[in-house]
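Protein chains in written order, with my numbering: chain A, 70 to 611; chain B, 70 to 611.
Here a beta-carbon is modelled for each residue, glycine too, at the ideal position from N, C-alpha and C.
Take a look at the structure below.
Protein chains: 2
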Amino acid sequence: MTNGSYSPDGVFYPFPTKEESQKEAEVLENITVEEKRKGREIVAVQGLGFVGCIMAAVIADAEDEDGNPYYFVHGVQRPSARSYWKIPVINEGKPPVESTDPDVPEIFRKTVVEKKTLHATWHEKAYELADIVVVDIQLDATKPSFGSAEIGYCDTGAFEAAIKQLGEHIKPDCLVLVETTVPPGTCKNIVKPILEEEFKKRGIDVKKNPPRIAHSYERVMPGANYVTSIRDFWRVYAGIDKEAGDRAEIFLKRVLNTRKYPLSRLGDTNASELAKTMENSFRATNIAFVYEWTLLAEEIGINLWEVINAIRVRPTHRNIMAPGLGVGGYCLTKDPVLAHWAYKDIFKLKRANNDSVLGHWKTWEKFKEHVGLPMTVESVNINDLMPLHTADLTREALGGNLAKQKVLILGASYLRDVGDTRHSPSEILWHALKERGALPSVHDPLVKVWPEIPSAKVEKDLWESMKGKDAIIFAVGHREYLGLPPEKVVEAVGKPCAIVDTQNILNDEEIKAYLKLGCEVKGVGKGHIRYLKEEVERSGRL
Amino acid sequence: MTNGSYSPDGVFYPFPTKEESQKEAEVLENITVEEKRKGREIVAVQGLGFVGCIMAAVIADAEDEDGNPYYFVHGVQRPSARSYWKIPVINEGKPPVESTDPDVPEIFRKTVVEKKTLHATWHEKAYELADIVVVDIQLDATKPSFGSAEIGYCDTGAFEAAIKQLGEHIKPDCLVLVETTVPPGTCKNIVKPILEEEFKKRGIDVKKNPPRIAHSYERVMPGANYVTSIRDFWRVYAGIDKEAGDRAEIFLKRVLNTRKYPLSRLGDTNASELAKTMENSFRATNIAFVYEWTLLAEEIGINLWEVINAIRVRPTHRNIMAPGLGVGGYCLTKDPVLAHWAYKDIFKLKRANNDSVLGHWKTWEKFKEHVGLPMTVESVNINDLMPLHTADLTREALGGNLAKQKVLILGASYLRDVGDTRHSPSEILWHALKERGALPSVHDPLVKVWPEIPSAKVEKDLWESMKGKDAIIFAVGHREYLGLPPEKVVEAVGKPCAIVDTQNILNDEEIKAYLKLGCEVKGVGKGHIRYLKEEVERSGRL
Numbered sequence: 070m071t072n073g074s075y076s077p078d079g080v081f082y083p084f085p086t087k088e089e090s091q092k093e094a095e096v097l098e099n100i101t102v103e104e105k106r107k108g109r110e111i112v113a114v115q116g117l118g119f120v121g122c123i124m125a126a127v128i129a130d131a132e133d134e135d136g137n138p139y140y141f142v143h144g145v146q147r148p149s150a151r152s153y154w155k156i157p158v159i160n161e162g163k164p165p166v167e168s169t170d171p172d173v174p175e176i177f178r179k180t181v182v183e184k185k186t187l188h189a190t191w192h193e194k195a196y197e198l199a200d201i202v203v204v205d206i207q208l209d210a211t212k213p214s215f216g217s218a219e220i221g222y223c224d225t226g227a228f229e230a231a232i233k234q235l236g237e238h239i240k241p242d243c244l245v246l247v248e249t250t251v252p253p254g255t256c257k258n259i260v261k262p263i264l265e266e267e268f269k270k271r272g273i274d275v276k277k278n279p280p281r282i283a284h285s286y287e288r289v290m291p292g293a294n295y296v297t298s299i300r301d302f303w304r305v306y307a308g309i310d311k312e313a314g315d316r317a318e319i320f321l322k323r324v325l326n327t328r329k330y331p332l333s334r335l336g337d338t339n340a341s342e343l344a345k346t347m348e349n350s351f352r353a354t355n356i357a358f359v360y361e362w363t364l365l366a367e368e369i370g371i372n373l374w375e376v377i378n379a380i381r382v383r384p385t386h387r388n389i390m391a392p393g394l395g396v397g398g399y400c401l402t403k404d405p406v407l408a409h410w411a412y413k414d415i416f417k418l419k420r421a422n423n424d425s426v427l428g429h430w431k432t433w434e435k436f437k438e439h440v441g442l443p444m445t446v447e448s449v450n451i452n453d454l455m456p457l458h459t460a461d462l463t464r465e466a467l468g469g470n471l472a473k474q475k476v477l478i479l480g481a482s483y484l485r486d487v488g489d490t491r492h493s494p495s496e497i498l499w500h501a502l503k504e505r506g507a508l509p510s511v512h513d514p515l516v517k518v519w520p521e522i523p524s525a526k527v528e529k530d531l532w533e534s535m536k537g538k539d540a541i542i543f544a545v546g547h548r549e550y551l552g553l554p555p556e557k558v559v560e561a562v563g564k565p566c567a568i569v570d571t572q573n574i575l576n577d578e579e580i581k582a583y584l585k586l587g588c589e590v591k592g593v594g595k596g597h598i599r600y601l602k603e604e605v606e607r608s609g610r611l
Numbered sequence: 070m071t072n073g074s075y076s077p078d079g080v081f082y083p084f085p086t087k088e089e090s091q092k093e094a095e096v097l098e099n100i101t102v103e104e105k106r107k108g109r110e111i112v113a114v115q116g117l118g119f120v121g122c123i124m125a126a127v128i129a130d131a132e133d134e135d136g137n138p139y140y141f142v143h144g145v146q147r148p149s150a151r152s153y154w155k156i157p158v159i160n161e162g163k164p165p166v167e168s169t170d171p172d173v174p175e176i177f178r179k180t181v182v183e184k185k186t187l188h189a190t191w192h193e194k195a196y197e198l199a200d201i202v203v204v205d206i207q208l209d210a211t212k213p214s215f216g217s218a219e220i221g222y223c224d225t226g227a228f229e230a231a232i233k234q235l236g237e238h239i240k241p242d243c244l245v246l247v248e249t250t251v252p253p254g255t256c257k258n259i260v261k262p263i264l265e266e267e268f269k270k271r272g273i274d275v276k277k278n279p280p281r282i283a284h285s286y287e288r289v290m291p292g293a294n295y296v297t298s299i300r301d302f303w304r305v306y307a308g309i310d311k312e313a314g315d316r317a318e319i320f321l322k323r324v325l326n327t328r329k330y331p332l333s334r335l336g337d338t339n340a341s342e343l344a345k346t347m348e349n350s351f352r353a354t355n356i357a358f359v360y361e362w363t364l365l366a367e368e369i370g371i372n373l374w375e376v377i378n379a380i381r382v383r384p385t386h387r388n389i390m391a392p393g394l395g396v397g398g399y400c401l402t403k404d405p406v407l408a409h410w411a412y413k414d415i416f417k418l419k420r421a422n423n424d425s426v427l428g429h430w431k432t433w434e435k436f437k438e439h440v441g442l443p444m445t446v447e448s449v450n451i452n453d454l455m456p457l458h459t460a461d462l463t464r465e466a467l468g469g470n471l472a473k474q475k476v477l478i479l480g481a482s483y484l485r486d487v488g489d490t491r492h493s494p495s496e497i498l499w500h501a502l503k504e505r506g507a508l509p510s511v512h513d514p515l516v517k518v519w520p521e522i523p524s525a526k527v528e529k530d531l532w533e534s535m536k537g538k539d540a541i542i543f544a545v546g547h548r549e550y551l552g553l554p555p556e557k558v559v560e561a562v563g564k565p566c567a568i569v570d571t572q573n574i575l576n577d578e579e580i581k582a583y584l585k586l587g588c589e590v591k592g593v594g595k596g597h598i599r600y601l602k603e604e605v606e607r608s609g610r611l
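Now the structure itself:
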């Protein structure tokens, strides 16, 4: 058992002692008295992950027209080995996340050091003192077997425990604003009954004091505009009843830039929860749609990338997605599953009237098999399986056999120029290559360690990492991989090798240069390479 | 057998006699000599349908910087009972289509009467004289059974015959620009071999004189901006070889507003053909996606229309579609089938390497069953089946039985404020209601006769059409149906009736008014009506 927490910089922070906890409770109480006297409300943010930590700082930074802060914020994080270090780091005025956005360190300095409106703590006393709790704890979906999103489920245990903790501590009229992406129905069917039960245990009359619950979802993009993506962007929200909705509205209007990015209020929390999972499912479905056309394009010799660019010119089609290695990140891989799971497990729905919906002219078998959201869920499966296609292309480029072939994956993260590896398609590619007997290695300029595959050593020297490889896969479009001269790559490898481009990094001239150098080249959605090859062969004959 | 053709205005035009045909050939030849002397090239447009007739006029209207027309245009239409009348009508300077766009009559007047650069004819001699032929003949997809797009096919017989006719007549260096939406592969695998065969029969050396074939697709929207949607909008094109591509580029740049709406040139005709079917399939898939969420929303009491509006605020999600009655028109119902059919029948592809694409971690049954474009094709099925859901809602609103119920469908066209009934979802709804024993009737302010259901008398007096009905379905969002006062509707019906809203025509206040009047109300994607009902019941009790 650990007795403390290491920060990413290697500093060790021992867990608080009993005395320290007692002292912290007093500190929190004193702060509250002091801040209340200044006319400020107290907000507790539950969970200091990717969203929670920035949201806490944004709330602490909000001020009225005269420059007076609206809120004092307690950022609350449980004392776990993985995350406890965030508390002392924040209290030094430093961000608990690495980011390319200069606003991130600035907003922590400003709120902690200068304005003194943000304090991080592990102590649940913060919930007792809060007028508003913003829930930002994680809630994951599990896909029990690969490519089986239809039996995916949501383990709500930790989430329910966190809500129970709130029920044990919060004031009866505290607003609980759930910001976590949750399965539709969660606020009404999970959060509300738990809070009511805890209220009853505490002797609170829930008729007179119904828990005040609202839901609002962010659309965060960790990256160069991390803070802005939380504060300066459109929000959707809803209350479980009118009062909760009204209070959420006041809060969000104070904290976010809603003058420029107006709020959308929905009829109830079910609708707000559904909206979030639906908008991410829309994107996931869009990607899966493009994938099947990618396979067609490759088979009939088309460069789908230029087709997509031509279609995007049309304003109504501007968001059609591009081919690629696959889909990663925390949202598109999970949110469709949350919605599908809610369909079955929260609302206990079966498409019982299935035959009648689909008519007696044709019973559409698929709708019968799949209660819920068949197309949405299939999209997740298709997207999860996409990286296997790149493994196939690599095998083809290597003459049909991957066994003992040294394959370099360029990029471990799920997004270009970002170091985040959560659910990265490179992870699936790595396993697929291994299972087929290949010897994968990986390079990424932005990833220090690959938490999902700790055994994979992430190479740091690009040219060194190429040495002696049989195949190189451009898996992520990081800036560092653009415009590499083919001659230099082949020289670094030491021989002609297989080149697989999943990101349209190579233009036709570069592909021809690789071919002339004796390399075999394949590309996702780049069926036209066969014609480039013919061209190179013709010119070789002349 | 008919010996002529009736125009929609009831004027009879007898087919041309042999002597008239001989004379027409001379006329065409004389025009050509004359126009060539003016330095103009000759263009023949094959097929004067929704696209061809406007395209012919747009080409005839194109002029250089000094105001000199580039082209003289022969609009060519076979002498069929259905369409022959278009020839004399055009030659009088009048459009062969009804339109709300004032540019439509104006461009025919201008080109036929004023500039004298457009002449309509039935005579194939026009092809002999042309420097450029623009192919605008129809090519349909057939779905052999309802909801079975996966076995849909494209009967290319008439299209092939039309191309053969070109091969028999055109000059060897004539540019054949196919504008028809065709299955990917058509120019290379159908048009080219037919032209080559006919050329050979005529003793033309196809090595020296390969047929010049290009493809370019329009994005026409018949409606208030009909002409503009052809001329002032982005175009995609490609040649079967470099020369054909270059010639198509010169032509399109002269004819269209490409300075403001630049052209996208693709690598080959396969790519251009695929792009068109892909962009329409993208839209069809988007609609099918929304449909499954519509069913969920209804089941859990959500107003999906407000959710969609909230999602659309996000710029990357602005084009998410709305729920509704279903999908109609000529493109979204057919183009996905064309592409799927090409996959199987033009390219003879089977996803032979299916297992390997999808990996051995999970064999995904659906990908195995469906060679081709499973998601795309399923979308067409889902969309085709959508109107049955409205039939279900109507049955529910009527207490579970449709037998002998008088049901009024408001709207027969496939689009609001347009009179076009091709593949309209109201057609499917009509049949579904009939099969379930109901007595459907229909009203539409813009449709005179319903060609697909000639037995259906299209009512013209809205209030009269409501009299004595058991249910009224708002099927199309025509302007005339917006804002109808519930009291007036119930008065016109003569009793409380069932109201089914597929277009979000009714706001919550109107729904409550109908409920208070004793009507039962259902709405596609409007699951929240249950709460409105509770509200009305509560207020009734007070």
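Restricting attention to alpha helix (DSSP H) runs no shorter than 4 residues, the region 177-212 of chain B encloses them at 194-198, ordered along the chain. By the neighbour-count definition (other C-beta atoms within 10 Å, threshold 16), D205/A is a buried residue. Residues L508, K538, D539 of the same chain have their beta carbon placed closer than 6 Å to that of K475/A, with the five preceding and five following residues left out of the count. The Cβ neighbour count for W532/A, taken over all protein chains shown within 10 Å, is under 16; the residue is labelled exposed. E579/B and L332/A have their alpha carbons spaced roughly 25 Å apart. For G592/B, the enclosing beta strand (DSSP E) begins and ends at 589-592. Shortest Cα-Cα distance from G272/B to any of P241/B, P443/B, E368/B involves P241/B. Annotated as proximal: I128/A and V142/A, with beta-carbon spacing under 7 Å. In this structure, G216/B is the residue among G308/B, G216/B, T385/B, Y550/B with its C-alpha nearest to the C-alpha of I497/B. Relative to the Cα of D78/B, the nearest Cα in the group E167/B, E104/B, T86/B belongs to E167/B. Boundaries of the beta strand (DSSP E) harbouring K475/B: 475-479, taken from the DSSP string. Taking C-beta separations shorter than 6 Å and ignoring five residues to either side along the sequence, the partners of E528/A in its chain run H512, S534, following chain order. In the three-state reduction of the DSSP assignment, G144/A falls in the strand class. DSSP places D577/A inside the alpha helix (DSSP H), whose first and last residues are 577-585.
Membership of Q115/A in the beta strand (DSSP E) is indicated by the continuous run 110-115. In the three-state reduction of the DSSP assignment, E132/B falls in the strand class, which pools E and B. From the beta-carbon of Y412/B, the residues of chain A found nearer than 7 Å are L365. With contacts defined as CB atoms closer than 7 Å, L502/A and I371/B fail to qualify as a contacting pair. Contact between D301/B and Y330/B holds: their C-beta atoms lie close to 6 Å from each other, under 8 Å.
In this chain, the alpha helix (DSSP H) harbouring P555/B covers 555-562. Taking 7 Å as the cut-off between beta carbons, the residues of the region 300-322 of chain B near chain A are W303, V305, in sequence order. In the structure shown, C566/A falls within a coil segment according to DSSP collapsed to helix, strand and coil. A Cβ-Cβ separation of about 6 Å places V203/B in contact with V112/B under the 8 Å criterion.
Under the three-state reduction of DSSP, G314/B is assigned to helix. Unbroken alpha helix (DSSP H) stretches of 4 residues or longer found wholly inside the region 251-282 of chain B: 261-270, given in chain order. At a C-beta separation below 7 Å, M347/B has these neighbours in chain A: W362, V376, I380. The closest CA to that of S524/A, considering only K536/A, P514/A, S510/A, D530/A, is found on S510/A. Counting along the chain, P443/B sits inside no beta strand (DSSP E); it lies in the alpha helix (DSSP H) bounded by residues 443-466.
Among the residues facing chain A, E589/B is not included, as its CB has no counterpart in that chain under 7 Å away. In the three-state DSSP reduction, H500/A falls in the helix class (H, G or I). Taking a Cβ-Cβ threshold of 9 Å, the residues of chain A close to M444/B are T354, A357, F358, Y360, E361, M444, E447, S448, I451, in chain order.
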